[in-house]
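Numbering (my numbering), first residue to last: 27 to 131.
The C-beta atom is built at its ideal place from N, Cα and C for all residues, glycine as well.
Since the structure is predicted, the reported quantities are computational estimates derived from the model, not experimental observations.
A quick write-up on the structure given underneath.
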């Protein structure tokens, strides 16, 4: 049985396309399969498979910080760890899982 297919034409910024396709390639997924998966998720969720939003703030990458900012963040994290202000990894990931799942219920 032949699989029927349909073409999708979309304008995408070249650097966005390149970055996305590089990630898909690392996953062993072609661009066509990635788009097909995205469409299937739209159908499954009856909308976008993620919550479109503008984050209030985002973490800075190492390249966006000065050495002083990086050192200050590391010192703050060390102080929090020494003060017992952290949480065990399994508890943290469980709370993160619940936080993410609330958007899909």
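Nearest-angstrom beta carbon gap, residue j and residue i [assumed within contact, 8 Å]
{"i": "residue 78", "j": "residue 67", "result": "With 8 Å as the limit, residue 78 and residue 67 do not qualify as a contact, their Cβ atoms being about 14 Å apart."}
{"i": "residue 96", "j": "residue 88", "result": "7 Å"}
Residue i - DSSP class collapsed to helix/strand/coil
{"i": "residue 33", "result": "coil"}
{"i": "residue 86", "result": "coil"}
{"i": "residue 40", "result": "helix"}
{"i": "residue 80", "result": "coil"}
{"i": "residue 66", "result": "helix"}
{"i": "residue 99", "result": "helix"}
Residue i versus residue j - alpha carbon distance
{"i": "residue 47", "j": "residue 109", "result": "44 Å"}
{"i": "residue 84", "j": "residue 40", "result": "24 Å"}
{"i": "residue 42", "j": "residue 80", "result": "18 Å"}
{"i": "residue 126", "j": "residue 31", "result": "33 Å"}
{"i": "residue 118", "j": "residue 107", "result": "14 Å"}
{"i": "residue 38", "j": "residue 73", "result": "21 Å"}
{"i": "residue 120", "j": "residue 94", "result": "33 Å"}
{"i": "residue 58", "j": "residue 100", "result": "42 Å"}
Contact set for residue i: own chain, Cβ-Cβ below 8 Å, skip 5 residues either direction
{"i": "residue 61", "result": "34"}
Residues near residue i in its chain [Cβ-Cβ closer than 6 Å; skip 5 each side]
{"i": "residue 111", "result": "none"}
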